[in-house]
């Protein structure tokens, strides 16, 4: 969404205000500009930030600041590219890439597309990331050539249900539902250890902190900490193997970055394969199970933009299913959304 600003001068291009959509949630401000204004150099952006010409929700901003869906970015008049065509955002896809994109479809109707995102596939591109879902969406365009629109995200290493809008109207309604936390999500996770108690609610704030290699990570913090954001997760144990490992269902009631991973580690049962939050304790000895993140977005229910409820499940990846079988984990009703 873009709107021109009033009172910003009548000469030259107008100042605009752009609303951050769900697909850009938690993206750094400088990366947001690279996506939407590729002709703007980083040096020029830094100058605009220093002089207060770029603002987020009316406040001065930093290049490394992370945006949240629904925020408003003030965009001053920007220079046009100098005698060079803008690079193609999505180069032509190969037949294999188009077939791969089509193989991900779980549900399709005139307004909504639902994909089963595989683990390891980034939703959007970034530095050094050429193979990502957003690039593949041209292969899933409708008859009128309209590309599906991302309305929420999954971490690169998380598999499962991903919902997209096939029209601008549908995408806006879906994005509004996700912003309002009206979408009900059920995740599956295999964790190392067995939570005590077996079911409950984790209500503990999280904040971004510097991590190894300069990469940010979420950390549990006090409620009165300056960057604290409330994070709430319901969990229940579907099955366990003694105290060695457990299969959990997780229902996030808030949508913080890496919330489920940070909360699982907080209660002493890191998600299997999650070395970032669990360290060495996130792995089982031996080579019996895959050493990858065992977190799967199993089920999602949200109001359909055309009425009714969209309720979709995604089968777990082969590696996840194999781990359940190897550990002997099973459950009678693993898809229940309440307990």
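In our numbering, the protein residues as written are 18 to 356.
For glycine and all other residues, C-beta sits at the position ideal for the given N, C-alpha and C.
Original post:
Among all the DSSP beta bridges, which residues are the ones paired with residue 76?
Top reply: 73
Original post:
Could you give the uninterrupted runs of the beta strand (DSSP E) lying entirely in the segment 114-165, keeping only those of 3 residues or more?
Top reply: DSSP runs (the beta strand (DSSP E)) wholly in the segment 114-165: 122-125 and 129-134.
**OP:** Could you check which residue in 197, 201, 52 and 39 has the C-alpha nearest to that of residue 326?
**Re:** 201
Original post:
Taking the alpha-carbon positions, what's the residue 349 to residue 254 distance?
Top reply: 12 Å
Subject >> Where residue 94 falls, given that 16 or more other Cβ within 10 Å makes a residue buried >> reply: exposed
**OP:** Mark residue 26 as exposed unless 16 or more other C-beta atoms lie within 10 angstroms of its C-beta, in which case mark it buried.
**Re:** Model confidence at residue 26 stands at a pLDDT of 43, short of 50, so the residue's coordinates are unreliable; what they give is reported in the following sentence. Answer is exposed; the Cβ neighbour count stays below 16.
**OP:** Flag this pair as yes or no: are the beta carbons of residue 174 and residue 346 separated by less than 9 Å?
**Re:** It is not a contact, given that the beta carbons lie outside the stated cut-off.
Subject >> Counted within 10 angstroms of its Cβ, other Cβ atoms place residue 268 as buried (16 or more) or exposed >> reply: buried
**OP:** Pull up the distance between the alpha-carbon of residue 339 and that of residue 68, whole angstroms please.
**Re:** 55 Å
Original post:
Whose C-alpha, out of 65, 249, 150 and 194, is nearest the C-alpha of residue 121?
Top reply: Minimum Cα-Cα distance from residue 121 among the listed residues 65, 249, 150 and 194 corresponds to 150.
Original post:
With which residues is residue 252 paired in a DSSP beta bridge?
Top reply: 217 and 267
Original post:
In this structure, what does DSSP give as the bridge partners for residue 328?
Top reply: 318
**OP:** Under the assumption that residue 136 contacts residue 310 (Cβ atoms under 8 Å), give the Cβ distance between them as a whole number of angstroms.
**Re:** Their Cβ separation, rounded to whole angstroms, is 7 Å, which keeps residue 136 and residue 310 in contact under 8 Å.
Subject >> Per-residue DSSP class, three states only, for residue 286 >> reply: coil
Subject >> 9 Å Cβ cutoff met for residue 308 and residue 333 >> reply: no
Original post:
Is the distance from the Cβ of residue 218 to the Cβ of residue 250 below 9 Å?
Top reply: yes
Subject >> Closest by C-alpha distance to residue 130, when choosing among 153, 166 and 112 >> reply: Checked all of 153, 166 and 112; the closest Cα to residue 130 is 166.
Original post:
Apart from the five residues just before and just after residue 270, which ones in its own chain have a Cβ nearer than 6 Å to its Cβ?
Top reply: Excluding residues within five positions, the ones whose Cβ falls inside 6 Å are 249.
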